[in-house]
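Here's the structure we're looking at; comments come further down.
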Amino acid sequence: MRVSDTNPSELLGIAVDAADQAARLIRDRRPSQLTIGHKTTATDNVTEMDLASETLIREIITAARPMDRIVGEESSTGSAEGVKTAQDNERVTWIVDPIDGTTNYVYDLPGYNISIAAAVGDLVLVGVVADPAHDRLYSAQLGSGAFCNGSRIDIAGHGSRGHQPGEALTLDRALIATGFAYSSQLRLRQGQVVAELLPLVRDIRRLGAAALDLCHVASGRVDGYFEVNLAPWDIAAGALIATEAGARVEPIRGGPGMPGSIVAATPEIFEDLQNTLAQLGAGSVMDR
Ligand code: LIP
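For the sequence shown, position 286 (counting from the first letter as 1) is numbered 286 according to my numbering, and the numbering increases by one without interruption.
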């Protein structure tokens with residue numbers, strides 16, 4: 001299948017519908033007592049609402065496009081390898097995180113979200129992230145810009161929310177988001193990197209959901225974001241939204257390719273952040 005054989009607007013419509021319905025489901029039908037299971041570690045949780053959300057999203061996509069492939073975090077094909085195998089050039093592959101930020105969801109904190117992307121081969125054509133706690137729906141189509149609730153988001157236009165118009169943004173004034181893996185060994189090394197970064201920036205945020213961290217870069221709610229050891233469904237949609245909003249998005253220098261590592265930032269501070277992370281060895285924490 002060639003990218004030109006697809007209709008990205010159709011894919012975007014399906015992704016928006018699925019994300020919107022799943023957002024209502026997990027927000028409005030949250031049981032008073034969740035059933036909490038665990039995956040890679042005792043704190044890597046999955047709830048019945050992760051599963052219900054993925055089932056609903058699959059039904060909506062399959063009803064509209066029965067021939068497409070779907071890889072979801074909670075399904076049997078939900079592994080980074082599964083995504084790679086599915087991502088061939090013959091069909092559209094949907095990359096779904098039915099609840100990104102499950103820990104936030106378990107604790108009833110805002111920041112959980114639904115992330116849906118559609119790709120042909122390695123090329124992500126559309127991305128949608130729904131943030132039910134704030135009634136925000138972020139969306140992007142490759143080459144057509146990024147939007148939040150239908151309004152264009154553009155870093156060059158809105159800049160950073162923490163700075164006056166015209167004021168230069170430097171790394172020491174930048175608010176940087178990051179996230180931590182579930183493995184305690186890796187968290188120790190990630191914490192060491194953050195300890196060294198903290199005095200060099202305005203402050204650090206750990207908001208708990210990679211897809212939304214990328215949307216926050218897109219909308220100027222943070223100035224930059226980095227993380228390692230993510231999965232394709234954590235970043236597929238958000239990386240497109242951030243890029244289409246004018247952010248720079250790359251693997252961390254010296255680290256593995258995306259989704260093994262990612263740094264996203266407003267262009268004003270991107271190089272500085274990337275160089276600083278490289279000096280701190282942020283991309284290679286998995287090798288140490
Ligand atoms: C989570 C991310 C979070 C990251 C965690 C995890 P989940 O996804 O969005 O930001 O730090 O390691 O990958 O498990 O909630 O879907």
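Glycine is no exception: its CB is placed at the ideal position from the N, C-alpha and C atoms.
*Assuming V96 contacts E73 under a Cβ cut-off of 8 Å, what Cβ separation, rounded to an integer in Å, is found between them?*
On the sequence shown, residue 96 is found 96 positions in, with the first residue counted as 1. On the sequence shown, residue 73 is found 73 positions in, with the first residue counted as 1. Rounded, the Cβ-Cβ distance is 7 Å, consistent with contact.
*Evaluate contact between the segment 151–161 and the segment 193–204, counting only Cβ atoms and requiring at least three cross-stretch pairs below 8 Å.*
no
*Taking H158 as part of the alpha helix (DSSP H), name the residues at either end of that continuous run.*
Mapped onto the sequence shown, residue 158 falls at position 158. From DSSP, the alpha helix (DSSP H) with H158 extends over I155 to H158.
_What does the Cβ neighbour count give for I36, buried or exposed, with the cut at 16 atoms within 10 Å?_
In the sequence shown, residue 36 corresponds to position 36, counting from 1. By the 10 Å Cβ count, I36 comes out exposed.
_Any heavy atom of the ligand LIP inside 7 Å of the beta-carbon of G238?_
Position 238 of the sequence shown, counted from the first residue, corresponds to residue 238. Checking the Cβ of G238 against the ligand LIP gives no.
*For V263 versus E244, is the C-beta distance shorter than 8 Å?*
For this step, residue 263 is matched to residue 263 along the sequence shown. For this step, residue 244 is matched to residue 244 along the sequence shown. Cβ atoms of V263 and E244: not closer than 8 Å.
*asked:* Quick check on D122: buried or exposed, where buried means 16 or more other Cβ atoms within 10 Å of its Cβ?
replied: To locate residue 122, count along the sequence shown from 1; it is residue 122. When all chains shown are included, D122 counts as exposed.
*Ends of the beta strand (DSSP E) at F147?*
Taking the first residue of the sequence shown as 1, we reach residue 147 at position 147. Residues A146 to C148.
*Mind checking whether I176 and A211 have CB atoms under 8 Å apart?*
To locate residue 176, count along the sequence shown from 1; it is residue 176. To locate residue 211, count along the sequence shown from 1; it is residue 211. Going by C-beta atoms, I176 is not nearer than 8 Å to A211.
*So what does DSSP say about G13, is it helix, strand or coil?*
Your numbering for residue 13 matches position 13 in the sequence shown. Helix at G13.
*Who are N113's beta bridge partners in DSSP?*
As a position in the sequence shown, residue 113 is number 113, starting the count at 1. In DSSP, N113 forms a bridge with D100.
_Nearest residue (CA-CA) to D18, options R27, V128 and V124_ = In the sequence shown, residue 18 corresponds to position 18, counting from 1. Here residue 18 turns out to be Ala, not Asp, going by the sequence shown. Answer by Cα proximity: V128.
_Suppose the cutoff is 6 Å on Cβ atoms and the five residues either side in sequence are ignored; what does the same chain contact list for V124 look like?_
Here residue 124 corresponds to residue number 124 of the sequence shown, with the count starting at 1. Within the same chain, V124 has close Cβ partners A117, A236 and L240.
_Excluding the 5 residues flanking D50 on each side, which residues of the same chain have their C-beta closer than 7 Å to its C-beta?_
As a first step, residue 50 must be located in the sequence shown, where it is residue number 50. E74, P98, I99 and T102, listed in sequence order.
*asked:* Taking 8 Å as the cut-off, does the segment 140–148 touch the segment 2–12 (at least 3 CB pairs, one atom from each stretch)?
replied: yes
*Measure the Cβ-Cβ separation of H163 and L171 and say whether it is below 8 Å.*
Taking the first residue of the sequence shown as 1, we reach residue 163 at position 163. Taking the first residue of the sequence shown as 1, we reach residue 171 at position 171. Their beta carbons are not under 8 Å apart, which means H163 does not touch L171 by this criterion.
*Which same chain residues, not among the five before or five after R152, have their C-beta less than 8 Å away from its C-beta?*
Indexing the sequence shown from 1 puts residue 152 at position 152. Contacts found: G145 and A146.
*So, helix, strand or coil for N45, using DSSP?*
Numbered from 1 along the sequence shown, position 45 holds the residue referred to as residue 45. Of the three classes helix, strand and coil, the one that applies to N45 here is strand, per DSSP.
*Going by the CB atoms, is the gap between Y138 and A209 shorter than 8 Å?*
Counting from 1 along the sequence shown, the entry for residue 209 is found at position 209. Counting from 1 along the sequence shown, the entry for residue 138 is found at position 138. The answer is no: Cβ separation not under 8 Å.
*asked:* Between which residues of its own chain and L186 is the CB-CB distance below 7 Å, once the five residues before and five after are set aside?
replied: Mapped onto the sequence shown, residue 186 falls at position 186. Closer than 7 Å at Cβ, skipping near neighbours: N229, V285 and M286.
*Is it the case that the CB of T103 approaches a heavy atom of the ligand LIP more closely than 7 Å?*
As a working note, residue 103 is residue 103 in the sequence shown. Because some heavy atom of the ligand LIP lies under 7 Å away, the Cβ of T103 counts as near it: yes.
*Any chance the CB of D272 is under 7 Å from a heavy atom of the ligand LIP?*
Here the question's residue 272 lines up with position 272 in the sequence shown. D272: no, Cβ never under 7 Å from the ligand LIP.
_Range of the contiguous alpha helix (DSSP H) that encloses H134_ = Numbered from 1 along the sequence shown, position 134 holds the residue referred to as residue 134. H134 -> no alpha helix (DSSP H), and no H or E assigned at all.
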